[in-house]
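Enquirer:
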Amino acid sequence: MNEKVLVVDDEEEILSLISDALSDDGYVVFTAKDCDEALEKLKINPDIILLDVMMPGKNGFEFCTEIRDAISCPIIFITAKINEADLLKGLAIGGDDYITKPFSIRGLKARIGAHIRRDKRNFSMENKKYIIFNDLKIDLKGRKVLLKDEEVILTKREFDIIELLALNNGQVFSKEQIYEKIWGYDAEGDSSTVAEHIKKIRFKFNKHNISNKYISTVWGVGYKWEN
Numbered sequence: 001m002n003e004k005v006l007v008v009d010d011e012e013e014i015l016s017l018i019s020d021a022l023s024d025d026g027y028v029v030f031t032a033k034d035c036d037e038a039l040e041k042l043k044i045n046p047d048i049i050l051l052d053v054m055m056p057g058k059n060g061f062e063f064c065t066e067i068r069d070a071i072s073c074p075i076i077f078i079t080a081k082i083n084e085a086d087l088l089k090g091l092a093i094g095g096d097d098y099i100t101k102p103f104s105i106r107g108l109k110a111r112i113g114a115h116i117r118r119d120k121r122n123f124s125m126e127n128k129k130y131i132i133f134n135d136l137k138i139d140l141k142g143r144k145v146l147l148k149d150e151e152v153i154l155t156k157r158e159f160d161i162i163e164l165l166a167l168n169n170g171q172v173f174s175k176e177q178i179y180e181k182i183w184g185y186d187a188e189g190d191s192s193t194v195a196e197h198i199k200k201i202r203f204k205f206n207k208h209n210i211s212n213k214y215i216s217t218v219w220g221v222g223y224k225w226e227n
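The end of the sequence shown is residue 227 by the UniProt record's numbering, with every number in the run present.
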């Protein structure tokens with residue numbers, strides 16, 4: 001296995017529990033008690049980061065925002081409480097998942113394994129020319145989408161959204177997260193335009209007699225690619 005996991009939490013018991021459990025499964029575990037220590041340990045190039053939200057000093061959200069442009073690995077937030085606003089904020093700034101305290105070690109291991117496998121698949125897919133889902137073919141180099149061998153005429157933004165979701169098959173993105181990744185942090189406008197673009201993509205898919213099965217709405221959160 002040998003995947004590297006960075007665990008950031010100010011509770012010594014949590015660090016010890018997670019470190020022992022993951023080490024038993026073959027992971028190489030590094031721990032940090034605060035964000036400053038975690039920043040130093042990023043040089044190990046972790047395969048995944050487990051990040052506590054509530055910590056003294058810089059919190060997990062602030063740390064994620066600081067490092068996200070430089071770190072591409074999955075980030076799972078660990079938090080004692082969660083509400084929809086926190087979930088949306090975490091996804092918007094680049095988090096990939098949440099797990100709440102108290103948590104089961106079995107559940108944590110399952111989440112970690114799933115994200116690492118997905119990250120490896122995505123890396124492999126990014127080096128491919130095509131992604132194929134049944135009757136849909138995405139030409140990544142030519143920036144075209146074919147449905148039943150017939151091209152779907154898309155705008156640049158529409159293709160960018162499809163590419164983002166398809167390359168991260170199954171991962172949920174909030175509207176805010178999609179907007180920031182596609183339009184950029186400094187773009188003028190707001191995330192409501194994402195819903196309009198998704199609506200147009202679905203309309204074009206339907207014109208080719210394809211149901212809305214590829215872009216799925218996750219109510220209260222955002223969208224994901226589903227095939």
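Note that beta-carbon positions come from the ideal geometry of N, C-alpha and C, so glycine has one too.
#1: Run through the UniProt domain "OmpR/PhoB-type" (128 to 227) for me and flag every whole alpha helix (DSSP H) of 4 or more residues, listed as ranges in chain order.
#2: When the Cβ atoms of the region 212 to 226 are set against those of the region 171 to 186, are three or more pairs found closer than 8 Å?
#3: Got a sec, what are the start and stop residues for the alpha helix (DSSP H) K41 sits in?
#4: Look up F77 in the DSSP assignment and give the residues it is bridged to.
#5: What residue range is occupied by the uninterrupted beta strand (DSSP E) comprising K58?
#6: Over the uninterrupted beta strand (DSSP E) stretch that includes N32, give me the two end residues.
#7: How about I75 and R111: are their beta carbons less than 8 Å apart?
#8: Should the region 46 to 57 be called in touch with the region 78 to 91, which here means at least 3 C-beta pairs below 8 Å?
#9: Work out the CA separation of G107 and I18 for me, nearest whole Å.
#10: Out of curiosity, what's the CA-to-CA distance linking P46 and L6?
#11: Please determine, among D139, S192 and I201, the residue with the shortest C-alpha to C-alpha distance to L167.
#12: Answer yes or no: do Y27 and E12 have a C-beta to C-beta separation smaller than 8 Å?
#13: Along the chain, where does the alpha helix (DSSP H) containing I71 start, and where does it finish?
#14: Report, in whole angstroms, the separation of the C-beta atoms of K200 and E158, which I expect to be a contact under 8 Å.
#15: What are the residues that DSSP puts in a beta bridge with K4?
#16: Assuming the contact rule is C-beta atoms closer than 8 Å, L146 and F205 should be a hit. Round their C-beta distance to whole Å, please.
#17: So what's D86 in DSSP terms, helix, strand or just coil?
#18: Quick check: the Cα distance between residue 299 and D190, rounded to an integer number of angstroms?
#19: Can you find the residues in the same chain that come closer than 6 Å, C-beta to C-beta, to A92, ignoring five residues on each side of it along the sequence?
#20: Is it right to say G142 is buried, meaning 16 or more other beta carbons lie within 10 angstroms of its own, or is it exposed?
#21: Which same chain residues, not among the five before or five after I132, have their C-beta less than 8 Å away from its C-beta?
#22: Output the distance between the C-alpha atoms of W59 and K33, rounded to the nearest integer angstrom.
Expert: With the given structure in hand:
#1: Counting only runs of 4 or more, we get 156 to 167, 175 to 183 and 192 to 207.
#2: Contact holds: three or more Cβ-Cβ distances are below 8 Å.
#3: In the DSSP assignment, K41 falls within the alpha helix (DSSP H) that extends over C35 to K41.
#4: As computed with DSSP, F77 is found in a beta bridge with L51 and Y98.
#5: For K58, no beta strand (DSSP E) segment is defined, and its DSSP state is neither H nor E.
#6: With the sequence shown as reference, residue 32 is identified as Ala, and Asn is not the correct amino acid for it. A32 -> beta strand (DSSP E) spans V28 to A32.
#7: Contact flag unset, no.
#8: A contact exists between the region 46 to 57 and the region 78 to 91.
#9: Rounded to the nearest angstrom, the two C-alpha atoms are 12 Å apart.
#10: In a straight line, the C-alpha of P46 is about 6 Å away from that of L6.
#11: Of the candidates D139, S192 and I201, D139 places its Cα closest to the Cα of L167.
#12: The Cβ atoms of Y27 and E12 lie no closer than 8 Å to each other.
#13: Where I71 is concerned, there is no enclosing alpha helix (DSSP H), because DSSP gives it neither an H nor an E.
#14: Yes, they are in contact, since the Cβ atoms of K200 and E158 sit about 6 Å apart, within 8 Å.
#15: K4 pairs with V28.
#16: About 12 Å separates the two Cβ atoms, so there is no contact after all.
#17: Of the three classes helix, strand and coil, the one that applies to D86 here is helix, per DSSP.
#18: Coverage of the chain is limited to positions 1 through 227, which leaves residue 299 absent and any answer about it impossible.
#19: The answer, listed in chain order, is S174, E176 and Q177.
#20: Exposed, since its Cβ has fewer than 16 Cβ neighbours within 10 Å.
#21: Excluding sequence positions up to five before and after I132, its CB lies within less than 8 Å of the CB of I138, all in the same chain and listed in chain order.
#22: Per the sequence presented here, residue 59 reads as Asn, with Trp not at that position. Approximately 11 Å, taken between the alpha carbons.
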